[in-house]
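Asks: One structure is given below, represented as structure tokens, and several questions about it will come after.
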Amino acid sequence: MKRAFSLLLSFLVGLSMLAIANPVQAETNSSLIFSEYVEGSGYNKAIELYNGTGEPIDLSDYTVVSFTNGASQDPGDGYANELNLSGTLEDGEVYVIAHSDADQAILDQADVTGSSYFYEFNGDDAVVLFQNYDESTRQGTVVDSIGKVGEDPGDGWTENATSTKDSTLVRKETVLAGDTDVTDAYDPTDEWIALPKDTFSNLGKYESVQPPEPKDEYTATVERVVDGDTIKIESSILGADTVRYLNIDTPETYHMDSYDSSLITTNPNHSQKYHGVQATEHLQTLLQPGDEVTLDVSEEVTDDYGRLLAEVIRTSDGLNTNLNMVEKGYAVTYFIAPIGSEETYQMYQQAAKTAQANNFGIWSEETPLLELPFEFRARYDQKGYSKYVGNSETNQYVRPANWEQVPVENRIFFWTEQEAIQAGYEPAFERGNKIADARYAPEGSNVAVQGTVIAKDDKNYYIQDDTAGIVVRTDAVNASIGDVIRASGNTEEYYGLLQVVTDDVTIVEENARELEPKLIDANDLGESLESQLVSLQTVSVESVDKYNDFQANDESGSFVINSDENLLEVGTTYDTITGYVTYSFGQYKVVPRSADDIVKDIPAVSIQEARESTIGSRVNIEGIVTAAFPTGGKINYYVQDETAGIVVRAEDLGANVGDRIQAKAVTEEYFDLLQLQPSEQNATIIEKDVGVPQAKPITSNEFSEELEGQLVKINLAKVTDVDAFHNYTAQDEQGSFVIDSDNDLVEVDKVYESITGVLTYNYDEYKIMPRSAEDVVALNLFEDHLDGSMTLEDVATQLVELEAMFGSDKVGKLLDEQLSSFITTNGNTSQHIDSTVHHILKSMQKMNNDKEEKEMKKIEHELEKIMKKDEKSNGKKDKGNKAA
Numbered sequence: 012m013k014r015a016f017s018l019l020l021s022f023l024v025g026l027s028m029l030a031i032a033n034p035v036q037a038e039t040n041s042s043l044i045f046s047e048y049v050e051g052s053g054y055n056k057a058i059e060l061y062n063g064t065g066e067p068i069d070l071s072d073y074t075v076v077s078f079t080n081g082a083s084q085d086p087g088d089g090y091a092n093e094l095n096l097s098g099t100l101e102d103g104e105v106y107v108i109a110h111s112d113a114d115q116a117i118l119d120q121a122d123v124t125g126s127s128y129f130y131e132f133n134g135d136d137a138v139v140l141f142q143n144y145d146e147s148t149r150q151g152t153v154v155d156s157i158g159k160v161g162e163d164p165g166d167g168w169t170e171n172a173t174s175t176k177d178s179t180l181v182r183k184e185t186v187l188a189g190d191t192d193v194t195d196a197y198d199p200t201d202e203w204i205a206l207p208k209d210t211f212s213n214l215g216k217y218e219s220v221q222p223p224e225p226k227d228e229y230t231a232t233v234e235r236v237v238d239g240d241t242i243k244i245e246s247s248i249l250g251a252d253t254v255r256y257l258n259i260d261t262p263e264t265y266h267m268d269s270y271d272s273s274l275i276t277t278n279p280n281h282s283q284k285y286h287g288v289q290a291t292e293h294l295q296t297l298l299q300p301g302d303e304v305t306l307d308v309s310e311e312v313t314d315d316y317g318r319l320l321a322e323v324i325r326t327s328d329g330l331n332t333n334l335n336m337v338e339k340g341y342a343v344t345y346f347i348a349p350i351g352s353e354e355t356y357q358m359y360q361q362a363a364k365t366a367q368a369n370n371f372g373i374w375s376e377e378t379p380l381l382e383l384p385f386e387f388r389a390r391y392d393q394k395g396y397s398k399y400v401g402n403s404e405t406n407q408y409v410r411p412a413n414w415e416q417v418p419v420e421n422r423i424f425f426w427t428e429q430e431a432i433q434a435g436y437e438p439a440f441e442r443g444n445k446i447a448d449a450r451y452a453p454e455g456s457n458v459a460v461q462g463t464v465i466a467k468d469d470k471n472y473y474i475q476d477d478t479a480g481i482v483v484r485t486d487a488v489n490a491s492i493g494d495v496i497r498a499s500g501n502t503e504e505y506y507g508l509l510q511v512v513t514d515d516v517t518i519v520e521e522n523a524r525e526l527e528p529k530l531i532d533a534n535d536l537g538e539s540l541e542s543q544l545v546s547l548q549t550v551s552v553e554s555v556d557k558y559n560d561f562q563a564n565d566e567s568g569s570f571v572i573n574s575d576e577n578l579l580e581v582g583t584t585y586d587t588i589t590g591y592v593t594y595s596f597g598q599y600k601v602v603p604r605s606a607d608d609i610v611k612d613i614p615a616v617s618i619q620e621a622r623e624s625t626i627g628s629r630v631n632i633e634g635i636v637t638a639a640f641p642t643g644g645k646i647n648y649y650v651q652d653e654t655a656g657i658v659v660r661a662e663d664l665g666a667n668v669g670d671r672i673q674a675k676a677v678t679e680e681y682f683d684l685l686q687l688q689p690s691e692q693n694a695t696i697i698e699k700d701v702g703v704p705q706a707k708p709i710t711s712n713e714f715s716e717e718l719e720g721q722l723v724k725i726n727l728a729k730v731t732d733v734d735a736f737h738n739y740t741a742q743d744e745q746g747s748f749v750i751d752s753d754n755d756l757v758e759v760d761k762v763y764e765s766i767t768g769v770l771t772y773n774y775d776e777y778k779i780m781p782r783s784a785e786d787v788v789a790l791n792l793f794e795d796h797l798d799g800s801m802t803l804e805d806v807a808t809q810l811v812e813l814e815a816m817f818g819s820d821k822v823g824k825l826l827d828e829q830l831s832s833f834i835t836t837n838g839n840t841s842q843h844i845d846s847t848v849h850h851i852l853k854s855m856q857k858m859n860n861d862k863e864e865k866e867m868k869k870i871e872h873e874l875e876k877i878m879k880k881d882e883k884s885n886g887k888k889d890k891g892n893k894a895a
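This is the structure:
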């Protein structure tokens with residue numbers, strides 16, 4: 012809805028600015044700064060320094076250091092490559108450092124070039140400008156920095172399409188001093204403007220640069236096909252190197268290692284896997300590694316996972332691979348409003364209709380896809396259906412669970428019912444009036460609304476239902492918060508605030524319920540939230556004016572809190588502020604209703620209490636870090652106290668295993684793994700190096716939610732298989748389990764004395780995740796005997812236990828391998844070992860209740876014989892059998 016008052020206010024403000032406009036005066040920098048950073052293709056590497064201090068600077072006191080792949084300032088910890096500067100840099104001038112093999116456009120601006128290790132920095136190398144740097148200690152006065160020293164971020168530091176990898180960064184002109192904290196979390200968007208890779212036009216001069224508007228098209232090179240609707244590209248674009256195909260959805264593959272061909276027409280899981288593999292293989296025929304493609308990006312450039320959303324066009328012949336996947340029946344169309352071009356929408360939907368008619372791929376009569384991808388995810392991930400489904404032909408929408416009522420070729424998905432109504436769609440089912448109907452009807456319409464009172468301001472009742480909120484202005488009733496009221500009247504705007512002014516109001520139900528506030532960020536404030544109850548977290552109050560409008564910030568941006576009750580203090584940070592959203596004088600504002608809406612802090616609870624709280628509850632926990640796994644640009648910290656464990660997914664805190672941390676956030680599930688995702692301000696190290704809790708010994712049948720997030724240990728396990736995702740199947744005495752090891756810390760067909768790790772959950776099963784090589788201890792049957800700490804009787808007992816767990820064949824193979832690793836006899840060693848293994852396995856086969864002791868003695872005797880042959884052959888001192 013357009014707001015006439017807002018436009019008028021903007022016009023008046025614009026006139027006033029024209030009347031008082033003055034040239035911008037340049038401010039003086041407090042120090043030498045990095046002003047441009049080039050990390051491009053090949054050797055296109057450059058760093059520009061700018062002197063805006065008002066005085067000449069002697070560069071001989073300065074050194075630029077690149078800390079390679081997470082190297083720290085501790086001498087000996089990785090490589091620190093330095094470049095000592097020289098000469099004088101005049102005020103207002105720049106100094107360009109470049110690789111000697113860079114593009115000529117860079118070299119034309121360079122003041123110093125070279126090809127040493129320093130000049131070969133990459134996007135994951137922190138770069139620091141020091142004054143009075145000591146190479147031996149790696150210490151000096153930090154003048155400026157790019158990245159975080161001591162951290163290897165993977166490819167680079169990336170945030171919202173701004174990255175130190177494959178990018179040119181230009182310093183914002185508002186930055187007047189260097190970043191002198193080299194160990195805090197690094198966000199390049201704070202001080203830098205990102206330009207496309209291999210942009211050199213700004214190098215050699217210090218000028219104001221405007222952020223580029225995202226283009227509609229980009230050229231990229233295919234690295235590999237991930238699945239039927241996802242590819243990897245060689246160089247990132249807008250900070251993303253993964254492309255999610257736009258407008259289509261292909262069957263999933265994540266839930267199974269393989270499918271059973273006999274079940275693909277009867278079992279939904281096997282059907283999904285089969286068609287997912289078919290889609291992946293078809294896309295692999297369309298795109299090969301090294302192929303050049305054109306990416307037509309959407310209005311929403313990336314999705315929630317940071318993947319680029321695009322149509323992928325094969326450059327060699329212009330083939331639209333997205334559309335081809337639909338035409339050949341390997342994908343279903345998937346449009347989420349807003350849909351973009353109507354022509355594109357109709358082209359894809361016609362392709363889907365044709366593929367259905369021809370029984371292609373997923374529409375085959377012989378091997379049909381039993382569940383569409385979103386249908387499968389709703390069931391398998393136990394998330395249910397959440398999006399309303401519109402029919403583009405009838406302009407009606409259905410409830411999420413009734414999606415099948417809309418033909419595939421007409422489907423448009425809406426995140427909320429409010430969005431469907433706002434887009435002009437009407438319900439295809441009977442229901443009462445909704446507030447969203449009134450909000451998006453033409454102003455002046457006669458409407459009927461019913462909702463729960465969330466706030467009262469004089470005659471203004473702010474009411475809300477499950478679609479939207481609105482103001483009912485009346486003095487005909489005396490309702491309270493929590494009451495449900497019904498009102499009829501005409502809509503009108505008062506200074507831009509939509510309301511129904513009427514005396515036709517009744518209280519439908521008293522004290523029905525108080526609505527829970529919607530958790531939002533400051534940048535979410537807008538018309539869609541007007542008159543609704545919201546909460547914002549970690550809010551800093553900066554200032555207040557004479558109208559009691561408080562300027563405040565959360566981590567997403569600034570906003571206004573109006574509080575005539577003076578409930579807030581300037582200079583204070585609050586954990587949570589709740590209030591209703593109003594609109595006045597061209598601004599959306601949050602209005603707390605009472606002191607109960609202001610929460611300065613929340614008390615700490617145990618991790619078990621946090622786990623037992625309702626999903627979406629805000630909690631404050633403390634615990635010891637037992638593991639830390641970088642993933643997706645953040646770090647998953649596994650944290651536990653004496654009650655339970657949980658995952659804290661956060662920016663790099665600099666926390667190590669054994670540190671105690673605090674985290675405040677709402678509980679949420681990611682693929683059913685419970686986690687907290689605190690903001691940077693809400694995750695801190697409380698105490699360093701307090702020690703790591705002992706791993707809890709468990710067996711595979713004890714994998715459960717009770718132990719999720721905790722450090723555990725499994726004894727005596729054999730790894731039997733591995734899939735393409737580094738999930739290793741293993742077996743202990745109670746059954747099979749899965750080891751999740753991206754670093755491949757275990758090996759197939761190997762037996763381990765113990766495997767330690769944190770218990771995680773993903774893709775429908777619990778898994779143990781070892782942290783390092785120290786967490787996996789290979790079984791050596793004779794090591795403890797050879798050092799005198801275990802008897803041969805103990806070894807024999809362990810062999811029998813292993814045979815019961817894994818069978819005689821596997822134990823025989825293990826025994827043969829381990830004896831062969833250290834036994835040498837006079838004569839044919841291999842024959843002697845084979846004989847020993849044969850007799851031991853024979854005794855194991857004969858064991859039963861009445862012969863167990865006898866056969867155990869035989870096993871012990873066979874071990875003793877082979878050991879004596881080894882000692883005789885090598886002249887070793889007889890360690891003897893301590894059991895004798």
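Going by our numbering, the sequence shown opens with residue 12, and the numbers climb by one from there. Note that CB positions come from ideal geometry on N, CA and C, so glycine has one too.
Rank F78, P164, L94 and L96 by C-alpha distance to the C-alpha of D88 and give the top, closest one.
Replies: Stepping through the sequence shown from its first residue, residue 88 is reached at position 77. Considering only alpha carbons, the answer is F78.
Asks: For D854 and V788, what's the separation of their Cα atoms in angstroms?
Replies: For this step, residue 854 is matched to residue 843 along the sequence shown. For this step, residue 788 is matched to residue 777 along the sequence shown. Reading the sequence as shown, one finds Ser at residue 854 and not Asp. Computed Cα separation, rounded: 28 Å.
Asks: I'd like to confirm the pairing. Which residues does DSSP put opposite F141 in its beta bridges?
Replies: Sequence index remark: in the sequence shown, residue 141 carries index 130 (1-based). DSSP lists T74 and V153 as partners of F141.
Asks: Could you check if P781 is buried or exposed, using at least 16 other CB atoms within 10 Å of its CB as the buried criterion?
Replies: In the sequence shown, counting from the first residue as 1, residue 781 sits at position 770. Answer is buried; the Cβ neighbour count reaches 16.
Asks: Excluding the 5 residues flanking N693 on each side, which residues of the same chain have their C-beta closer than 7 Å to its C-beta?
Replies: Here residue 693 refers to the residue found at position 682 when the sequence shown is read from its first residue. T549, A674, K675 and A676, listed in sequence order.
Asks: What did DSSP end up calling I779 once you bin it into helix, strand or coil?
Replies: Here the question's residue 779 lines up with position 768 in the sequence shown. Three-state DSSP puts I779 in a strand.
Asks: Excluding sequence positions up to five away, which residues of its chain have a Cβ less than 6 Å from the Cβ of A121?
Replies: As a working note, residue 121 is residue 110 in the sequence shown. Closer than 6 Å at the Cβ level, and outside the excluded window around A121, lie V107 and A109.
Asks: Hey, is the stretch 739-747 in contact with the stretch 361-372, meaning 3+ C-beta pairs nearer than 8 Å?
Replies: no
Asks: For L96 versus F129, is the C-beta spacing smaller than 7 Å?
Replies: Here residue 96 refers to the residue found at position 85 when the sequence shown is read from its first residue. Here residue 129 refers to the residue found at position 118 when the sequence shown is read from its first residue. No. Outside cutoff.
Asks: Using 8 Å as the Cβ pair cut-off and three pairs as the minimum, do the stretch 629-641 and the stretch 649-657 touch?
Replies: yes
Asks: Check this for me: beta carbons of G901 and S83, under 7 Å apart or not?
Replies: Coverage of the chain is limited to positions 12 through 895, which leaves residue 901 absent and any answer about it impossible.
Asks: Can you list, in chain order, the residues of its chain whose CB lies under 8 Å from that of I324, leaving out five sequence neighbours each side?
Replies: Numbered from its first residue, the sequence shown carries residue 324 at position 313. Take I324, set aside five residues on each side of it, and the residues of its chain with a beta-carbon closer than 8 Å to its own are V304, T305, L306, D307, L330, N331 and T332, in chain order.
Asks: At what residue ranges does the stretch 263-325 contain a whole run of the beta strand (DSSP E), taking only runs of 3 or more?
Replies: 303-313 and 319-325
Asks: Counting only the same chain and skipping the five closest in sequence on each side, list residues whose C-beta sits under 6 Å from that of S397.
Replies: Walking along the sequence shown from the start, residue 397 turns up at place 386. Answer for S397: P411, listed in chain order.
Asks: In chain order, what residues of the same chain lie with their CB nearer than 6 Å to the CB of A188, ignoring the 5 residues before and after it?
Replies: Within the sequence shown, the letter at position 177 stands for residue 188. Hits under 6 Å: S41 and S42.
Asks: Using only CA atoms, which one of G597, D556, V552 and Q598 lies nearest to L579?
Replies: Reading the sequence shown from its first residue, position 568 is the one you call residue 579. Of the listed residues, the one whose Cα sits closest to L579 is V552.
Asks: Using the Cα positions of K778 and N280, report the straight-line distance between them to the nearest angstrom.
Replies: One-based indexing of the sequence shown puts residue 778 at position 767. One-based indexing of the sequence shown puts residue 280 at position 269. Near 20 Å, if we compare the C-alpha coordinates of N280 and K778.
Asks: Is W168 helix, strand or coil when you go by DSSP?
Replies: As a working mapping, residue 168 is identified with position 157 in the sequence shown. Looking at W168 - three-state DSSP - the assignment turns out to be coil, as it is neither helix nor strand.
Asks: Whole angstroms is fine: what's the gap from N402's alpha carbon to T731's?
Replies: Reading the sequence shown from its first residue, position 391 is the one you call residue 402. Reading the sequence shown from its first residue, position 720 is the one you call residue 731. Looking at the two C-alpha atoms, the distance is approximately 50 Å.
Asks: Count Cβ pairs between the stretch 442-461 and the stretch 492-503 that sit closer than 8 Å; are there 3 or more?
Replies: yes
Asks: Does DSSP put N33 in a helix, a strand or coil?
Replies: In the sequence shown, residue 33 corresponds to position 22, counting from 1. Because the pLDDT of N33 is 34, which lies under 50, any placement of that residue in the model is unreliable, and the number read from its coordinates should be weighed accordingly. Reduced to three states, the DSSP call for N33 is coil.
Asks: Just to confirm the assignment, what range does the beta strand (DSSP E) spanning G768 have?
Replies: Counting from 1 along the sequence shown, the entry for residue 768 is found at position 757. Taken as a continuous stretch (DSSP letters only), the beta strand (DSSP E) holding G768 covers V762 to N773.
Asks: What do you get for V426, buried or exposed, if any count of 16 or more other CB atoms within 10 angstroms of its CB means buried?
Replies: As a working note, residue 426 is residue 415 in the sequence shown. Correcting the residue identity first, residue 426 is Trp in this sequence and not Val. Flag for W426 reads exposed.
Asks: Could you please give the first and the last residue of the uninterrupted beta strand (DSSP E) stretch that includes L544?
Replies: Along the sequence shown, read from residue 1 onward, the residue named residue 544 stands at position 533. Segment L544 to V555, the beta strand (DSSP E) holding L544.
Asks: Between which two residues does the alpha helix (DSSP H) containing T808 stretch?
Replies: Numbered from 1 along the sequence shown, position 797 holds the residue referred to as residue 808. From DSSP, the alpha helix (DSSP H) with T808 extends over L803 to F817.
Asks: Just to confirm before moving on: does the CB-CB distance between V571 and D556 stay below 7 Å?
Replies: Translated into the one-based positions of the sequence shown, residue 571 becomes position 560. Translated into the one-based positions of the sequence shown, residue 556 becomes position 545. No; because the gap between Cβ atoms is not below 7 Å, this pair is not in contact.
Asks: Looking at the secondary structure, which residues open and close the alpha helix (DSSP H) in which R2 lies?
Replies: Here the chain covers residues 12 to 895 and nothing more, so residue 2 does not appear.
Asks: Rounded to a whole number of angstroms, what is the C-alpha to C-alpha distance between N562 and V181?
Replies: Start at 1 with the first residue of the sequence shown, and residue 562 comes out as number 551. Start at 1 with the first residue of the sequence shown, and residue 181 comes out as number 170. Looking at the sequence itself, residue 562 is Gln, so the reference to Asn does not match. Cα to Cα, Q562 sits roughly 30 Å from V181.
Asks: Does DSSP put A113 in a helix, a strand or coil?
Replies: Here residue 113 corresponds to residue number 102 of the sequence shown, with the count starting at 1. A113 falls in the coil class under three-state DSSP.
Asks: If you draw a straight line from the alpha carbon of I588 to that of L547, how long is it in whole angstroms?
Replies: The residue you call residue 588 lines up with position 577 of the sequence shown. The residue you call residue 547 lines up with position 536 of the sequence shown. Rounded to whole angstroms, I588 to L547 spans 5 Å at the Cα level.
Asks: Once the 5 residues before and after D786 are set aside, which same chain residues still bring their CB inside 6 Å of it?
Replies: The residue labelled residue 786 in the question sits at position 775 within the sequence shown. These residues qualify, in order along the chain: T767 and G768.
Asks: Starting from the C-beta of D897, find all residues in its chain whose C-beta is less than 6 Å away, skip the five residues before and the five after it, and write them out in chain order.
Replies: The shown model of the chain, from 12 to 895, leaves out residue 897, and the question about it has no answer.
Asks: Does DSSP put D881 in a helix, in a strand, or in coil?
Replies: Working through the sequence shown from its first residue, we reach residue 881 at position 870. Residue state, collapsed to three classes: helix.
Asks: Measure the beta-carbon distance from D252 to I244 and round it to whole angstroms, keeping in mind my assumption that it falls under 8 Å.
Replies: The count along the sequence shown starts at 1 and reaches residue 252 at position 241. The count along the sequence shown starts at 1 and reaches residue 244 at position 233. The Cβ separation is near 5 Å, so the contact holds.
Asks: Beta-carbon separation of D494 and I518 under 7 Å?
Replies: Looking up residue 494 in the sequence shown gives position 483. Looking up residue 518 in the sequence shown gives position 507. Cβ distance < 7 Å, so D494 and I518 count as in contact.
Asks: Classify N143: buried if its beta carbon has 16 or more other beta carbons within 10 angstroms, exposed otherwise.
Replies: Translated into the one-based positions of the sequence shown, residue 143 becomes position 132. Looking at its Cβ environment, which holds fewer than 16 other Cβ atoms inside 10 Å, N143 is exposed.
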